[in-house]
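Heads up: the sequence shown begins at 1 in my numbering, then just goes up one per residue. Positions of the beta carbon are idealized from the N, C-alpha and C atoms, including for glycine. Computed from a predicted model, the values in this text were never measured in an experiment. Taking it in order: structure first as structure tokens, then the write-up.
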Amino acid sequence: MAWAVRSLRRLQSAASSSQAVRLLESRSWIRNPRKVDVCAGQNFVLKQYSSETFWEVHGASLRTLSTTTYTTHEDASTTHEVSKGGSDDGTLTLTSKSPPRVVFILGGPGSGKGTQCQKIVDKFGFVHLSAGDLLRAEIQSGSQYGDMIKNMIKDGKIVPSEVTVRLLLKAMEDSKGEKFLIDGFPRNDENRAVFERMTGIIPEFILFFDCPEDEMERRVLGRNQGRVDDNKETMQKRLKVFIDFSVPVVKYYESMGKVHKVTATGSIDDIHTTIEPLFEQFSEAHSTGESQYATGKFDTSPTNN
1 MAWAVRSLRR LQSAASSSQA VRLLESRSWI RNPRKVDVCA GQNFVLKQYS SETFWEVHGA
61 SLRTLSTTTY TTHEDASTTH EVSKGGSDDG TLTLTSKSPP RVVFILGGPG SGKGTQCQKI
121 VDKFGFVHLS AGDLLRAEIQ SGSQYGDMIK NMIKDGKIVP SEVTVRLLLK AMEDSKGEKF
181 LIDGFPRNDE NRAVFERMTG IIPEFILFFD CPEDEMERRV LGRNQGRVDD NKETMQKRLK
241 VFIDFSVPVV KYYESMGKVH KVTATGSIDD IHTTIEPLFE QFSEAHSTGE SQYATGKFDT
301 SPTNN
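Okay, here's the thing in structure tokens:
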């Protein structure tokens, strides 16, 4: 399915977000109006090619959202990718494709998330995206956000959700992948809400690495990778942030039956042996196009308690 909007002016002149929704529905694109109803905390994102910007329905008009390019989602089961239309007058064409599947990897600093993600990538073909690595790369790029991100990481604070989500979305599009391991995200409930609002993606499940604080500190201070956050003072700040803000996110997903808790002590291979059956089951369920939501066949019981 594809359609084109000849100009953004019709949407910009909409008297309300609900009128904008009706305009979009008339093009047979939006199947779930709640996804573009700002009163429900959702948004609608599309791309204007003349200026390479995104817009979102926001009250009575559209406003600039981001200069990052990414796919546009109509609901949790369908994804549309913006591709260039036949002219440079603001024409938009959206082409359907399979929605990306996302697994969040959560755990405190030094809990071994990155190490295990690489082993999962090697065997199961996921694309691994580290929120922390993307933020550090943004610092090195010298972008407008670089200094702000550097100072917040140094202070052990959480970078604004919109910044992190935009970096993740750009990386997802650039990878051309369909299955993603996103580690170190969401770090707080706002991260979670903004990601779901901007993408329409609900994670398949959450893999939580449960590791004692003293072990995490030992690992971080012993890895000597030259990272701006690998020092005792910052480590303690990051750990406090994790306990105060990230643990509640784990509990939120746990209430939905989506959390698989893994005891992140022991050897790398031992930990991976615990995780591997979960991803084998996931891959088997989706190899036939089955969805855990549609069939109820996907076992979301924790691997460890």
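At the level of alpha carbons, what is the spacing between S287 and I243? As a working note, residue 287 is residue 287 in the sequence shown. As a working note, residue 243 is residue 243 in the sequence shown. Computed Cα separation, rounded: 36 Å.
Those runs of the beta strand (DSSP E) which lie wholly inside the stretch 161-239 and span at least 3 residues: 179-183, 205-210
Do I206 and K123 come within 8 Å of each other at the CB atom, strictly closer than that value? Within the sequence shown, the letter at position 123 stands for residue 123. Within the sequence shown, the letter at position 206 stands for residue 206. Contact: no.
For T265, name the three-state secondary structure that DSSP assigns. Here the question's residue 265 lines up with position 265 in the sequence shown. The answer is coil: DSSP assigns T265 none of H, G, I, E or B.
With a threshold of 6 Å on Cβ separation, who are the neighbours of R219 within its own chain once the five nearest residues in sequence on each side are excluded? Position 219 of the sequence shown, counting from 1, holds the residue named residue 219. G110, listed in sequence order.
Compare the C-beta of F180 against all C-beta atoms of chain B and say whether one is closer than 8 Å. Considering every chain present, this structure includes no chain B. It has just one protein chain.
Going by DSSP, name the residue or residues bridged to G107. Counting from one through the sequence shown, the residue named residue 107 turns up at place 107. According to DSSP, which records beta bridges pairwise, G107 is partnered with F209.
Could you check whether the Cβ of L135 sits closer than 7 Å to any heavy atom belonging to the ligand GTP? In the structure shown, the ligand GTP is absent, as is every other ligand, since no ligand is present at all.
Name, in chain order, the residues that DSSP records as bridge partners for R101. In the sequence shown, the residue the question calls residue 101 occupies position 101. In the DSSP output, where bridge partners are listed per residue, R101 has K179.
Touch check for the stretch 170-178 and the stretch 232-241: three-plus C-beta pairs under 8 Å? no
So, is Y70 buried or exposed, given that buried needs 16 or more other C-beta atoms within 10 angstroms? In the sequence shown, the residue the question calls residue 70 occupies position 70. Below a pLDDT of 50, predicted positions are generally treated as unreliable, and Y70, at 29, falls in that range; the measurement from the model is reported next regardless. It is buried - the Cβ of Y70 has at least 16 other Cβ atoms within 10 Å.
With H, G and I counted as helix, E and B as strand and the rest as coil, what does DSSP make of S130? Taking the first residue of the sequence shown as 1, we reach residue 130 at position 130. Secondary structure at S130: strand, using DSSP grouped into helix, strand and coil.
Per DSSP, what kind of secondary structure is V159 in: helix, strand or coil? By one-based count along the sequence shown, residue 159 stands at place 159. Coil.
Ordered along the chain, which non-local residues of its own chain (more than five positions away) have a Cβ less than 8 Å from that of L168? Along the sequence shown, read from residue 1 onward, the residue named residue 168 stands at position 168. Leaving aside the five residues that flank L168 on each side, the residues in its chain whose CB is nearer than 8 Å to its CB run, in chain order, L129, A131, L134, I182, F185, F195.
Would you list the one or two residues that DSSP bridges to V259? Along the sequence shown, read from residue 1 onward, the residue named residue 259 stands at position 259. Partner(s): I206.
Please go through the same chain and pick out, in chain order, the residues whose beta-carbon is closer than 7 Å to the beta-carbon of S51, but skip the five residues on each side of it. Within the sequence shown, the letter at position 51 stands for residue 51. Note that S51 has pLDDT 32, beneath the 50 cutoff, so the model's placement of it is unreliable and the number below is only indicative. Closer than 7 Å at Cβ, skipping near neighbours: no residue.
Give the straight-line distance between the Cα atoms of S141 and M148, rounded to the nearest whole angstrom. If you number the sequence shown from 1, residue 141 lands on position 141. If you number the sequence shown from 1, residue 148 lands on position 148. Cα to Cα, S141 sits roughly 13 Å from M148.
From I153 to E190, what does the alpha carbon distance come to, in whole angstroms? Residue numbering aside, residue 153 sits at position 153 when the sequence shown is read from its first letter. Residue numbering aside, residue 190 sits at position 190 when the sequence shown is read from its first letter. Going by the C-alpha atoms only, they are around 17 Å apart.
Given this structure, state the Cα-to-Cα distance separating E204 from V103, to the nearest angstrom. Counted from its first residue, the sequence shown places residue 204 at position 204. Counted from its first residue, the sequence shown places residue 103 at position 103. The alpha-carbon atoms of E204 and V103 are separated by roughly 6 Å.
Is F208 near K261, with beta carbons less than 8 Å apart? Within the sequence shown, the letter at position 208 stands for residue 208. Within the sequence shown, the letter at position 261 stands for residue 261. Against a cut-off of 8 Å, the Cβ pair of K261 and F208 comes out as a contact.
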